[in-house]
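Colleague: For reference, the structure I am asking about is given below.
In my numbering, the protein residues as written are 167 to 633.
In structure tokens:
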């Protein structure tokens, strides 16, 4: 709103570009929402900039793909006639009126090389001497210059990066594939013999006019009207009835974080099946239940923003389960980010999965065991002589967001676990169903009994999401 009211003033509208990615999918089947929801790097950006930053996902669409029979290079290179290759719709799908995957990939590469965002690991250079497959396709089509106009007409955002320092509403990006690059170039124009008049036509020599048009264009506040999307809010997003301000959340978080309590060790009670997992804001002990009165294992969910100590809380919970002597412990790291902490558990665990590949194998084995035990029926109540399995998953949301198979396996285990001697504890930032791969069933099953909320001032609201 401040950006709108200030008419996109630079200090209100500047946004640093941290990551650039495409949302094309298989045969154009994906979109920006799906890509964001299942992209591990984007989840990491959110987590690492949780405090003090407003994070936006800006969705852009390629609305046209034009070709011209001139470029900026002054030479007489022989090559394919312009447009011959595009007869096969290499860059534009005419029937569906949309760009091809190759066109989307070239634009993605161009913007990554231009902004050089810190979270992009690949395509950060545009090097004709080491062309990508899409660059070679461009060459075979007789095209030597890629011009991308990031059009900010009517928008509020001013994008910039450490590489592209001007926070303007529009950006004009050029990369070329000269026949014989005469100097090394990491991005931009690498040709040396440039035609002045052709460069002027393409705005290569003076892009200021195009950028200025974006600066002086009016702000547009769009209303959908009859073209409104069927779903205004993605179904996986749950919004609380009361929204707290950032100041309220931070204040409550700081109050909790300033309190340090010494952990006195596991205190599992065979009589109740419970153990202590921490101390609440009121000073009272917070307890979890490892098994029901009938001896069936209990699942659990630990929630908290980055920095709230949720991984430490998982450690305490695991100690409580393990001290009962009723569980064989397995540990998985959904994001592959806590390897050192995992190694500390090496002697005490039966299985450690430090990455999603191993995690997939672990959960597959667990489901096979669960399906066998569910038929047998003898593990509905576990004992020390017939122990159950504890599966603890740190940063579970990162695995659920990138693997449908892992989400499915955990959903099935959340159903079969209590009758098959298997308990699951997951660590997630909050109770939004998107953190559980969109599975309402899994979220409800895992959070029926043991819910622990860390560092969130309105944490009680999150309990309603599991009802």
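Every residue, glycine too, gets a C-beta built ideally from N, C-alpha and C.
Remember, predicted model here, so these are calculated numbers, not experimental data.
If we call anything under 9 Å between Cβ atoms a contact, is residue 522 one with residue 565?
Modeller: It is a contact, given that the beta carbons lie within the stated cut-off.
Colleague: Is the segment 535-548 touching the segment 469-476, taking contact as three or more C-beta pairs under 8 Å?
Modeller: They do not touch, by the three-pair rule.
Colleague: Could you check what DSSP says for residue 226 in three-state terms: helix, strand or coil?
Modeller: Residue state, collapsed to three classes: coil.
Colleague: Secondary structure at residue 435, three-state DSSP: helix, strand or coil?
Modeller: DSSP places residue 435 in strand when its eight states are reduced to three.
Colleague: Going by beta carbon distance, what residues of the same chain come within less than 6 Å of residue 570, once the five residues before and after it are set aside?
Modeller: Cβ neighbours of residue 570 beyond the five flanking positions: none.
Colleague: So, residue 590 versus residue 484, is the Cβ gap smaller than 9 Å?
Modeller: Result no, Cβ atoms of residue 590 and residue 484 do not sit closer than 9 Å.
Colleague: Would you kindly check if the distance between the Cβ of residue 461 and the Cβ of residue 439 is under 9 Å?
Modeller: The answer is yes: Cβ separation under 9 Å.
Colleague: Looking at the strands, I want to know which residues DSSP matches up with residue 560.
Modeller: Paired residues: 499.
Colleague: Just tell me which of 587, 537, 547 has its CA closest to the CA of residue 575.
Modeller: When each option's Cα is compared against that of residue 575, the closest is 537.
Colleague: In whole angstroms, give me the CA-to-CA distance for residue 252 and residue 220.
Modeller: Confidence in residue 252 is poor, its pLDDT being 49 and thus under 50, which makes the residue's placement too unreliable to answer from.
Colleague: Mind checking who residue 265 pairs with in its DSSP beta bridge?
Modeller: Answer is 258.
Colleague: Tell me, to the nearest whole angstrom, how far the beta carbon of residue 444 is from that of residue 616; I am working on the premise that it is less than 8 Å.
Modeller: Rounded, the Cβ-Cβ distance is 12 Å, inconsistent with contact.
Colleague: Going by the CB atoms, is the gap between residue 492 and residue 456 shorter than 9 Å?
Modeller: In this structure, residue 492 lies closer than 9 Å to residue 456 by Cβ.
Colleague: Does DSSP put residue 451 in a helix, a strand or coil?
Modeller: In the structure shown, residue 451 sits in a strand (DSSP, three-state: E or B).
Colleague: State the beta-bridge partners of residue 554 as determined by DSSP.
Modeller: DSSP output for residue 554 lists 493 as bridge partner(s).
Colleague: Between which two residues does the alpha helix (DSSP H) holding residue 606 run?
Modeller: Counting along the chain, the alpha helix (DSSP H) containing residue 606 begins and ends at 606-612.
Colleague: Using a Cβ distance threshold of 8 Å, determine whether the segment 332-341 contacts the segment 262-282, with at least three qualifying pairs required.
Modeller: Contact between the segment 332-341 and the segment 262-282 is present, because at least three Cβ pairs lie under 8 Å.
Colleague: Among all the DSSP beta bridges, which residues are the ones paired with residue 444?
Modeller: Answer is 452.
Colleague: Of all the options 262, 269, 233, 175, which has the alpha carbon lying nearest to the alpha carbon of residue 189?
Modeller: Looking at the Cα atoms, 269 is the closest of the given residues.
Colleague: State the start and end residues of the unbroken beta strand (DSSP E) segment that holds residue 326.
Modeller: First-last of the beta strand (DSSP E) with residue 326: 324-326.
Colleague: Would the beta-carbon of residue 454 fall within 9 Å of that of residue 501?
Modeller: The answer is no: Cβ separation not under 9 Å.
Colleague: Taking the straight line between their C-alpha atoms, what separation do you get for residue 355 and residue 281?
Modeller: Rounded to the nearest angstrom, the two C-alpha atoms are 15 Å apart.
Colleague: Quick check on DSSP: helix, strand or coil for residue 330?
Modeller: Residue 330 falls in the coil class under three-state DSSP.
Colleague: Could you give the residue range of the beta strand (DSSP E) that holds residue 534?
Modeller: That residue, residue 534, is in no beta strand (DSSP E); its alpha helix (DSSP H) goes 522-542.
Colleague: Where residue 315 and residue 229 are concerned, what is the direct C-alpha to C-alpha distance, given to the nearest angstrom?
Modeller: About 11 Å.
Colleague: What is the rounded straight-line gap between the Cα of residue 534 and the Cα of residue 595?
Modeller: The straight-line gap from Cα to Cα measures roughly 29 Å.
Colleague: So which of 567, 516, 237 has the shortest CA-CA distance to residue 313?
Modeller: Of the candidates 567, 516, 237, the one whose C-alpha sits nearest the C-alpha of residue 313 is 237.
Colleague: Within a Cβ cutoff of 6 Å, which residues of the same chain sit near residue 638, ignoring the five residues on either side of it in sequence?
Modeller: Nothing can be reported for residue 638: it is not among the residues displayed for the chain, which extend from 167 to 633.
Colleague: The ligand FAD and residue 524: does any heavy atom of the ligand fall closer than 8 Å to the residue's C-beta?
Modeller: No copy of the ligand FAD occurs in the structure displayed, which carries no ligand at all.
Colleague: Are the beta-carbon atoms belonging to residue 546 and residue 525 less than 9 Å from one another?
Modeller: Not closer than 9 Å, so no.
Colleague: Would the beta-carbon of residue 558 fall within 9 Å of that of residue 463?
Modeller: For residue 558 and residue 463, no; Cβs fall outside 9 Å.
Colleague: Which residues share a DSSP beta bridge with residue 313?
Modeller: Bridge partners of residue 313: 340.
Colleague: State the Cα-Cα distance for the pair residue 602 and residue 573, rounded to the nearest angstrom.
Modeller: Using only the alpha carbons, I get a separation of about 7 Å.
Colleague: Work out the CA separation of residue 325 and residue 530 for me, nearest whole Å.
Modeller: Answer to the nearest angstrom: the Cα atoms are 44 Å apart.
Colleague: Put residue 284 into one of helix, strand or coil per three-state DSSP.
Modeller: Correct three-state label for residue 284: coil.
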